[in-house]
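Peer 1: Dumping the structure here so I can ask a few things about it.
Residue numbers (the working numbering): 2 to 307.
Shown next, in the form of structure tokens:
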């Protein structure tokens, strides 16, 4: 994704799709020098190109030593040198790839960039909250006590830290004409192969003629527990809406893990299904936030003992 580097400090900054530069508190790249205006310039991605525009700054914005007129916009190419207010600054445009959705900590820490259609907050090692994109293309924020849509530039809190979600407006979902367009959880068949001691759980996912070998991973055992619960409830005649739910506390006890590890496994499973092209990968594991229950989203299941 787009990035600029402060060559004096050797620090690289990943760019939001509209990246305000200046002294103002709301600036994405906040520079405190007096020669920098409050809202000095904006670096943005437009029409598949990165560019910089001067916002009427007092001391000017420079690209390759050429001062922009107030309001003038200049296309950036990798290697371009940029200065805000004084030519002796040494900023360099180092990456021209398209922007990606990200979460920016308000305290100035490094942004958390989306992995596919998922962002774990504050990190993938501690996914207290998850932002994901649903099959309609909307972004969803899921926390322990709430789940709902999140929009570009919206701020939220996780563990008493403030974060801002930023997403390029022109990021689109896969076209309906895409040949993988029917790769959704409701169409998937999950086949588990389980060793007698249950130390080894292999998973194969099929959808029509397509087949994906997801191998044997530690988090497959979580999927296996949920699959067994869903199969058992279906055999007992439980309704579809009530079928397969388990309390998170029970899962933690069955798996003999900490709640943090359960969150990590949920995030990894969803990301894994996203990587094979499942459009609504987040629904492979469904949550009831208020009751803290989890279930397997897929209903076509097979379990075979090796």
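We put the CB at the ideal spot given by N, CA and C, even for glycine. Remember, it's a predicted structure, so these values are computed and weren't measured experimentally.
So, using beta-carbon positions, are residue 2 and residue 106 closer together than 7 Å?
Peer 2: no
Peer 1: So the candidates are 104, 142, 109 and 108; which of them puts its Cα closest to the Cα of residue 124?
Peer 2: Out of 104, 142, 109 and 108, 104 has the C-alpha closest to the C-alpha of residue 124.
Peer 1: Assuming residue 251 is part of the alpha helix (DSSP H), what are its boundary residues?
Peer 2: Here the alpha helix (DSSP H) through residue 251 covers 249-256.
Peer 1: Going by DSSP, which residues form a beta bridge with residue 328?
Peer 2: Only positions 2 to 307 of the chain appear in the structure, and residue 328 is not among them; the question remains open.
Peer 1: Within the chosen definition, does the stretch 264-277 reach the stretch 110-122 through at least 3 CB pairs nearer than 8 Å?
Peer 2: Because the criterion of three Cβ pairs below 8 Å is met, the stretch 264-277 and the stretch 110-122 touch.
Peer 1: Buried or exposed: which applies to residue 298, given that a residue is buried once 16 or more other Cβ atoms fall within 10 Å of its Cβ?
Peer 2: buried
Peer 1: Alpha carbon to alpha carbon, how far is residue 294 from residue 7? Give it in angstroms, no decimals.
Peer 2: Rounded to the nearest angstrom, the two C-alpha atoms are 47 Å apart.
Peer 1: Three or more C-beta pairs closer than 8 Å, one from the stretch 54-64 and one from the stretch 81-95: is that the case here?
Peer 2: yes
Peer 1: So, for residue 287: in the same chain, excluding its five sequence neighbours on each side, which residues have a beta-carbon less than 6 Å away from its beta-carbon?
Peer 2: 296 and 298.
Peer 1: Could you tell me if residue 230 is buried or exposed, where buried requires 16 or more neighbouring beta carbons within 10 angstroms of its beta carbon?
Peer 2: Around the beta-carbon of residue 230, 16 or more other beta-carbon atoms lie within 10 Å, marking it buried.
Peer 1: Give the straight-line distance between the Cα atoms of residue 5 and residue 30, rounded to the nearest whole angstrom.
Peer 2: 10 Å
Peer 1: To the nearest angstrom, how far is the alpha carbon of residue 39 from that of residue 148?
Peer 2: Separation of residue 39 and residue 148 (C-alpha to C-alpha, rounded to the nearest whole angstrom) is 36 Å.
Peer 1: Just the C-alpha distance for residue 281 and residue 275, rounded to the nearest angstrom, thanks.
Peer 2: 8 Å
Peer 1: Check for me: the alpha helix (DSSP H) holding residue 234 runs from which residue to which?
Peer 2: In the DSSP annotation of this structure, the continuous segment of the alpha helix (DSSP H) that includes residue 234 starts and ends at 221-236.
Peer 1: Taking its Cβ as the centre, do 16 or more other Cβ atoms sit within 10 Å of residue 21, making it buried, or is it exposed?
Peer 2: Result: buried.
Peer 1: Quick one: residues in its chain with C-beta nearer than 7 Å to the C-beta of residue 36, no 5 flanking neighbours on either side, listed in chain order?
Peer 2: 60, 86 and 87
Peer 1: Within its chain, find whatever has a CB closer than 6 Å to the CB of residue 303; leave out the 5 residues flanking it on each side and keep chain order.
Peer 2: 192
Peer 1: For residue 143, count neighbouring Cβ atoms within 10 angstroms of its own Cβ and tell me buried if that reaches 16, exposed if not.
Peer 2: buried
Peer 1: Could you please give the first and the last residue of the uninterrupted beta strand (DSSP E) stretch that includes residue 306?
Peer 2: 301-306
Peer 1: Determine the direct distance from the alpha carbon of residue 214 to that of residue 221, and round the result to whole angstroms.
Peer 2: 12 Å
Peer 1: Per DSSP, what kind of secondary structure is residue 292 in: helix, strand or coil?
Peer 2: coil
Peer 1: Tell me residue 150's beta-bridge partners as DSSP assigns them.
Peer 2: Answer is 141, bridged to residue 150.
Peer 1: Enumerate, from N- to C-terminal direction, the unbroken beta strand (DSSP E) stretches of 3 or more residues contained entirely within the stretch 26-112.
Peer 2: Runs of the beta strand (DSSP E) inside the stretch 26-112: 42-47, 50-55, 62-64, 74-76, 82-85, 92-96 and 103-106.
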